[in-house]
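Asks: Sharing a structure, written as structure tokens. Questions coming.
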Amino acid sequence: MFTIGAHLSINKGFENIGLESLSIDANTFQFFPRSPRGGNAKPLDPEDVNALEKLMNETTMDVILAHAPYIINLASKSEKTRANAFAIFEDDLKRLDQLPNNMYNFHPGSHVKQGADKGIELIIESLNKLLREDQKTTVLLETMAGKGTEIGRNFEELRAILDGVELQDKIGVCLDTCHVYDGGYDIVNDLDGVIDDFDSIIGLDNLMAIHINDSKFGLNSHKDRHETIGNGKIGLNAITEIINHEKLRDLPFYLETPNDVEGYKNEIALLRGLYNE
Ligand code: FE
Ligand code: FE
Ligand code: ZN
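Here our numbering is used: the first residue of the sequence shown is 57, the next is one more, and so on.
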């Protein structure tokens, strides 16, 4: 079964985001559990959460993906910034425990001028305090485009983080097609080679989700500018191969393309048409 959804706004509540997803033929969705720029999160409404759970029980929607705010940086040089990131992450994990089957994707962080090794060390230190044996949510490291001093610009950096995490069954990876392509992995001409690399360095058993985006600038650009499906440097042929690849096709796919809900509906219809059921 093809699991596909889009990043939608949670402003109207969990039941509504579920219904909106079904209305665009999606069977999952991604959401910000709080403003992407941080700030306090609204308390969860248990009735609304129950309604989403019911909807998930009655449909093929069986997993959802939360995305951490962009501003959090567990690798920051500043202790204050790290503490702030830690507090948001901790609070998000508590809230997500109350939601049905979900995962929590985050950008590993930026080392600023400390060097990747130091940044990775700081991320591991925080993760080992944040992850709990009793949590339900799987936390995902996102593959990054390598803009500025972003950590996660290559598979080795994610491997280094995974190696340091004690609770291995609480962590995984989300692959962003725009980011890996911008980061220098040629998923257009050598998809099998990139997947083999991923498998030998990170392990495909750690791959839990895919952000399916086209890229405005393309291979090695390190720009991280998403494009609508088929209109960027990755293109529709490569995207068709990605969603149908035997090692990827059963994962949940999430659109983060520059679109409104109507645009996502059209992209989902397009991808469903290209997916070999
Ligand atoms: Fe992201
Ligand atoms: Fe992404
Ligand atoms: Zn991005």
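Beta carbons are placed, not taken as given, at the ideal position from N, Cα and C, and that holds for glycine.
Since the structure is predicted, the reported quantities are computational estimates derived from the model, not experimental observations.
(1) On the premise that residue 168 lies in contact with residue 205, defined as a C-beta separation below 8 Å, what is that separation, rounded to the nearest angstrom?
(2) Whole angstroms is fine: what's the gap from residue 239's alpha carbon to residue 275's?
(3) Return the CA-CA distance between residue 133 and residue 258, expressed in angstroms with no decimal places.
(4) Out of 279, 326 and 85, which has the shortest C-alpha to C-alpha gap to residue 299?
(5) Cβ of residue 280 within 7 Å of any heavy atom in ligand 3?
(6) For the segment 154-199, which segments carrying the alpha helix (DSSP H) assignment without a break, of at least 4 residues, lie completely within its bounds, in sequence order?
(7) May I ask you to report which of helix, strand or coil DSSP gives residue 57?
(8) Considering only residues of the same chain and omitting the five flanking positions on each side of residue 273, which have a CB-CB separation below 6 Å?
(9) What do you reckon, are the CB atoms on residue 217 and residue 194 nearer than 8 Å?
(10) Could you tell me if the beta carbon of residue 206 falls within a distance shorter than 7 Å of some heavy atom in ligand 2?
(11) Could you tell me which residues DSSP puts in a beta bridge with residue 308?
(12) Note the first and the last residue of the continuous alpha helix (DSSP H) segment covering residue 88.
(13) For residue 77, name the three-state secondary structure that DSSP assigns.
(14) Starting from residue 232 and walking both ways along the beta strand (DSSP E), at which residues does that stretch end?
(15) In or out: residue 92 buried (at least 16 other Cβ within 10 Å) or exposed?
(16) Rounded to the nearest angstrom, what separates residue 294 and residue 243 at their Cα positions?
(17) Evaluate contact between the segment 151-167 and the segment 86-105, counting only Cβ atoms and requiring at least three cross-stretch pairs below 8 Å.
(18) Determine the closest residue to residue 60 out of 267, 292, 172 and 143, with distance taken between C-alpha atoms.
(19) Let's see if you can read the secondary structure: which residues bound the alpha helix (DSSP H) around residue 292?
(20) According to DSSP, simplified to helix, strand and coil, what is residue 223?
Replies: Working from what's here:
(1) Between residue 205 and residue 168, the beta carbon gap of about 6 Å places them in contact (Cβ cut-off 8 Å).
(2) One C-alpha to the other measures close to 7 Å.
(3) One Cα belongs to residue 133, the other to residue 258, and the distance between them is close to 26 Å.
(4) With respect to the C-alpha of residue 299, the residue from 279, 326 and 85 having the closest C-alpha is 326.
(5) The answer is yes for residue 280.
(6) Those alpha helix (DSSP H) runs which fall completely within the segment 154-199 and span 4+ residues are 172-186.
(7) Looking at residue 57 - three-state DSSP - the assignment turns out to be coil, as it is neither helix nor strand.
(8) Cβ within range, chain order: 279 and 281.
(9) Contact: no.
(10) Taking 7 Å as the cut-off, the C-beta of residue 206 does not count as close to any heavy atom of ligand 2.
(11) Partner(s): 59.
(12) Taken as a continuous stretch (DSSP letters only), residue 88 belongs to no alpha helix (DSSP H), as it is neither H nor E.
(13) Under the three-state reduction of DSSP, residue 77 is assigned to helix.
(14) In the DSSP assignment, residue 232 falls within the unbroken beta strand (DSSP E) covering 227-232.
(15) Counting Cβ neighbours within 10 Å, residue 92 comes out exposed, since fewer than 16 surround it.
(16) Answer to the nearest angstrom: the Cα atoms are 7 Å apart.
(17) Yes, they touch.
(18) Of 267, 292, 172 and 143, the residue nearest in Cα terms is 267.
(19) In the DSSP annotation of this structure, the continuous segment of the alpha helix (DSSP H) that includes residue 292 starts and ends at 291-300.
(20) Note: residue 223 maps to coil in three-state DSSP.
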